[in-house]
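Engineer: Quick one: the structure is below, and I'll ask about it shortly.
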Amino acid sequence: MLPVQRRRASIPWARPRCLSVAQRQREARTGLTLKAPVGSVPGMRIVLMGAPGSGKGTQSQRLVERFGIPQISTGDLLRSAVARGSEYGRRAKAAMDSGQLVADEIVLGIIRERLAERDAAHGFILDGFPRNLAQAQALRTMLAGIGAPLDAVVLFEVNYAEIIKRISGRRTCPQCGRVFNLHDASSGSTPRCDHCDDHPPLVQRRDDEEGTVRPRLEVYERETRPLAQHYAAQGLLRTIDADGPVEEVTARLVATLSSVPSAQPSAHAPQTAS
Ligand code: AP5
663 MLPVQRRRAS IPWARPRCLS VAQRQREART GLTLKAPVGS VPGMRIVLMG
713 APGSGKGTQS QRLVERFGIP QISTGDLLRS AVARGSEYGR RAKAAMDSGQ
763 LVADEIVLGI IRERLAERDA AHGFILDGFP RNLAQAQALR TMLAGIGAPL
813 DAVVLFEVNY AEIIKRISGR RTCPQCGRVF NLHDASSGST PRCDHCDDHP
863 PLVQRRDDEE GTVRPRLEVY ERETRPLAQH YAAQGLLRTI DADGPVEEVT
913 ARLVATLSSV PSAQPSAHAP QTAS
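Take any residue in the sequence shown, note its place counting from 1, add 662, and you have its number in our numbering.
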């Protein structure tokens with residue numbers, strides 16, 4: 663099986679918070695607090711975009727290890743809000759279960775809170791956000807306000823037959839959150855997590871069930887794919903072929919990001935082979 667752990671990376675924080683008047687004013691205006699001084703925001707700030715199941719989460723995890731910056735997945739944040747039964751979660755659940763986008767107001771509230779966390783000050787990988795033009799514009803305003811613009815947006819291209827195969831095979835461990843795929847399974851018909859001590863049975867995400875996949879793909883084509891043109895016009899877009907073995911896709915992604923000046927492996931991150 664192919665395990666992909668979804669977890670947050672935390673980076674040791676080494677700087678005192680020392681802000682200029684201009685930055686304090688920007689923070690007041692945008693509602694976003696970045697815990698590093700304006701003009702010296704280090705690290706890489708990227709967006710991974712692509713259809714459901716194109717491998718954004720899988721590759722984000724590999725970039726987390728390589729660059730030591732956190733993955734910020736709005737899907738994961740929303741699922742966690744639903745599981746906790748928070749106000750955001752209650753409002754998001756129906757849209758998620760039917761494969762539609764959650765309201766911008768909720769998603770932007772969640773992303774604003776997450777970007778303000780300490781580990782995002784050294785860069786981040788946005789996985790599944792933004793997903794429409796309004797979110798892209800809101801993100802641009804937030805980041806411009808704190809002097810930390812995006813470095814690159816990478817579009818994952820995968821053919822739809824492969825996407826449907828990946829989504830139908832995806833299973834998650836309900837305890838540790840690792841993501842697996844049945845098509846990589848070497849074990850029996852009731853797959854279990856081989857990382858947790860009590861090996862709980864893996865579960866299928868509700869929105870991966872057959873009836874929800876088509877609306878998700880339609881929403882992607884209608885709302886999200888047009889962002890490629892939006893980011894191309896800003897000179898930020900890079901496109902990769904995300905078909906093929908995970909390691910090969912990682913190699914293409916890293917090669918693509920090597921042209922981003924801030925894409926240096928973190929001193930804190932364990933080095934990986936690819
Ligand atoms: P979200 O969780 O973001 O779902 P998604 O974008 O549909 O993406 P997925 O998680 O399905 O796929 P992925 O590209 O991460 O693929 P993965 O790496 O897991 O969003 C869920 C819902 O939340 C949305 O529908 C919406 O309702 C809401 N939402 C989220 N963000 C929102 C926003 N910004 N605005 C409004 N609403 C929002 O890979 C898939 C499978 O394939 C895995 O099993 C993996 O092991 C396998 N795999 C990966 N790579 C390969 C490979 N190269 N070869 C073979 N198998 C592979």
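In this text, a Cβ means the ideal position worked out from N, Cα and C, and glycines have one as well.
Because the structure is a prediction, the values reported are computed rather than measured.
Kindly indicate which residue of His784, Val815, Gly785 and Phe786 has the alpha-carbon position closest to the one of Ala798.
Structural biologist: Selected option, being the one with the closest Cα: Val815.
Engineer: Using 8 Å as the threshold, is the C-beta distance between Gln733 and Val726 below it?
Structural biologist: A contact, by the Cβ cut-off of 8 Å.
Engineer: Please go through the same chain and pick out, in chain order, the residues whose beta-carbon is closer than 7 Å to the beta-carbon of Thr886, but skip the five residues on each side of it.
Structural biologist: Taken in chain order, the residues that qualify are Met711, Arg793 and Asn794.
Engineer: Rounded to the nearest angstrom, what separates Val922 and Leu915 at their Cα positions?
Structural biologist: Those two C-alpha atoms are separated by around 11 Å.
Engineer: Please indicate yes or no: does the CB of Leu777 lie closer than 7 Å to some heavy atom of ligand 1?
Structural biologist: No, since every heavy atom of ligand 1 falls outside the 7 Å radius drawn around the Cβ of Leu777.
Engineer: Do you know whose CA, among Phe791, Leu739 and Gln723, lies nearest Val709's CA?
Structural biologist: Nearest C-alpha to Val709: Phe791.
Engineer: State whether the segment 771-789 contacts the segment 894-908, with contact taken as three or more CB pairs (one from each stretch) at a distance under 8 Å.
Structural biologist: No: fewer than three Cβ pairs fall under 8 Å.
Engineer: Report the option in Leu817, Gly761, Gln721 and Arg833 whose CA atom is closest to the CA atom of Val875.
Structural biologist: Among Leu817, Gly761, Gln721 and Arg833, the Cα nearest to that of Val875 belongs to Gly761.
Engineer: Which one or two residues does DSSP pair with Leu710 in a beta bridge?
Structural biologist: Answer by DSSP bridge pairing, in chain order: Asp789 and Val816.
Engineer: So, are the CB atoms of Ile829 and Asp870 less than 8 Å apart?
Structural biologist: Cβ distance < 8 Å, so Ile829 and Asp870 count as in contact.
Engineer: Less than 8 Å between the C-beta atoms of Asp766 and Ala806, yes or no?
Structural biologist: No, these two residues do not count as a Cβ contact at 8 Å.
Engineer: Is Pro732 helix, strand or coil when you go by DSSP?
Structural biologist: It is coil, neither helix nor strand.
Engineer: Buried or exposed for Gly920, going by 16 or more other Cβ atoms inside 10 Å?
Structural biologist: In the sequence as displayed, the identity of residue 920 is Ser instead of Gly. Exposed: under 16 other Cβ atoms inside 10 Å.
Engineer: If you follow the alpha helix (DSSP H) that Ile773 is in, where does it begin and where does it stop?
Structural biologist: Run containing Ile773: Asp766 to Leu777, per the alpha helix (DSSP H) assignment.
Engineer: So Leu915 is in the alpha helix (DSSP H); what residue range does that whole segment cover?
Structural biologist: It spans Val908 to Leu919 - the alpha helix (DSSP H) in which Leu915 sits, taken as one unbroken run.
Engineer: So what's Pro863 in DSSP terms, helix, strand or just coil?
Structural biologist: Correct three-state label for Pro863: strand.
Engineer: According to DSSP, what are the bridge partners of Thr720?
Structural biologist: DSSP, once it has assigned bridges, lists no residue as partnering Thr720.
Engineer: Under the rule that 16 or more other beta-carbon atoms within 10 Å means buried, what is Pro907, buried or exposed?
Structural biologist: Its Cβ having fewer than 16 others within 10 Å, Pro907 is exposed.
Engineer: Would you say Gln762 touches ligand 1, meaning its beta carbon is less than 7 Å from a heavy atom?
Structural biologist: Gln762: yes, Cβ under 7 Å from ligand 1.
Engineer: Mapping DSSP to helix, strand and coil, what is Asp856?
Structural biologist: Note: Asp856 maps to coil in three-state DSSP.
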